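Numbering (the numbering used here), first residue to last: 28 to 272.
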């Protein structure tokens, strides 16, 4: 139980797939979730929190530290998968900025705060990975998604900065940018839009959460001593801008 991974977004479509793979690979998962599940699981402990509330995050991280203090740690990693995708009309009104604040806290600020709170452990253990899940939309454009794209772009730059600052402690920090995949946030996508995505993707298919989770686990499980500060896009080639005639 010495390989510890702290996750956010573990109850989401991608999160469930990643957590399942982590447990299969022998990791002990401490999952920061908005709502605790009723399902009994092995090698996972859920900690309830609200990633839009700094006080709630701090309380939950104190509990995480207490849990970790009772374990002989071999490695410590963080996988940040939590996110809010919600379109915000332009121009914005004053009332819209509250939602902007929530989007930035859940997608970006919470991640940086969690890493900051656990950084002393990372420096002590000197073995682990920090992986942030962004979006291929940071390389594209989309109507009324300035808040989401802005938050994810900031997440990428923060992770690169962490790679620079934590490298001397043997901590690798990388970003995964998935393309569109079916999830609770995207199940209502019109068929016409889905076909357009496929048309503009060289592999002519959308990626799955299983594919993305496999890439995340590959980075985590490999003896990764050389790759850090990198942005890995997993979208079937969609950001190439390919279009079939």
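Ideal Cβ positions, reconstructed from N, Cα and C, are used throughout, including at glycine. Just so it is clear, the structure is predicted and the values come from calculations on it, not from any experiment.
CA-to-CA distance, residue j to residue i, given in whole angstroms
{"i": "residue 176", "j": "residue 266", "result": "14 Å"}
{"i": "residue 114", "j": "residue 181", "result": "17 Å"}
{"i": "residue 172", "j": "residue 248", "result": "33 Å"}
{"i": "residue 142", "j": "residue 94", "result": "16 Å"}
{"i": "residue 122", "j": "residue 64", "result": "32 Å"}
{"i": "residue 261", "j": "residue 241", "result": "10 Å"}
{"i": "residue 259", "j": "residue 97", "result": "34 Å"}
{"i": "residue 127", "j": "residue 179", "result": "12 Å"}
{"i": "residue 229", "j": "residue 189", "result": "33 Å"}
{"i": "residue 100", "j": "residue 29", "result": "4 Å"}
{"i": "residue 200", "j": "residue 155", "result": "9 Å"}
{"i": "residue 129", "j": "residue 226", "result": "34 Å"}
{"i": "residue 183", "j": "residue 66", "result": "33 Å"}
{"i": "residue 69", "j": "residue 50", "result": "8 Å"}
{"i": "residue 119", "j": "residue 144", "result": "33 Å"}
{"i": "residue 59", "j": "residue 170", "result": "31 Å"}
{"i": "residue 89", "j": "residue 71", "result": "17 Å"}
{"i": "residue 139", "j": "residue 132", "result": "10 Å"}
{"i": "residue 232", "j": "residue 210", "result": "15 Å"}
{"i": "residue 85", "j": "residue 220", "result": "40 Å"}
{"i": "residue 52", "j": "residue 61", "result": "25 Å"}
Neighbour-count burial assignment, residue i, 16 or more Cβ in a 10 Å radius
{"i": "residue 246", "result": "buried"}
{"i": "residue 110", "result": "buried"}
{"i": "residue 166", "result": "buried"}
{"i": "residue 117", "result": "exposed"}
{"i": "residue 37", "result": "buried"}
{"i": "residue 73", "result": "buried"}
{"i": "residue 79", "result": "buried"}
{"i": "residue 191", "result": "exposed"}
{"i": "residue 205", "result": "buried"}
{"i": "residue 124", "result": "exposed"}
{"i": "residue 33", "result": "buried"}
{"i": "residue 253", "result": "exposed"}
{"i": "residue 218", "result": "exposed"}
{"i": "residue 81", "result": "exposed"}
{"i": "residue 216", "result": "exposed"}
{"i": "residue 268", "result": "exposed"}
{"i": "residue 168", "result": "exposed"}
Helix, strand or coil at residue i according to DSSP, with G and I counted as helix
{"i": "residue 136", "result": "helix"}
{"i": "residue 170", "result": "coil"}
{"i": "residue 100", "result": "coil"}
{"i": "residue 155", "result": "strand"}
{"i": "residue 40", "result": "helix"}
{"i": "residue 235", "result": "coil"}
{"i": "residue 266", "result": "helix"}
{"i": "residue 255", "result": "coil"}
{"i": "residue 111", "result": "coil"}
{"i": "residue 224", "result": "helix"}
{"i": "residue 242", "result": "helix"}
{"i": "residue 261", "result": "strand"}
{"i": "residue 179", "result": "helix"}
{"i": "residue 122", "result": "coil"}
{"i": "residue 209", "result": "coil"}
{"i": "residue 66", "result": "coil"}
{"i": "residue 117", "result": "coil"}
{"i": "residue 249", "result": "coil"}
Proximity test, residue i beta-carbon vs the ligand MG heavy atom, cut-off 8 Å
{"i": "residue 160", "result": "Because no ligand of any kind appears in the structure shown, any question about the ligand MG cannot be addressed here."}
DSSP beta-bridge partners of residue i
{"i": "residue 55", "result": "31"}
{"i": "residue 60", "result": "75"}
{"i": "residue 201", "result": "158"}
{"i": "residue 105", "result": "33, 157"}
- Query: If we count Cβ pairs, one from each stretch, closer than 8 Å, do we get three or more for the stretch 227-243 versus the stretch 38-53?
  - Reply: yes
- Does the pairing of the stretch 188-198 with the stretch 144-151 give three or more beta-carbon distances under 8 Å? yes
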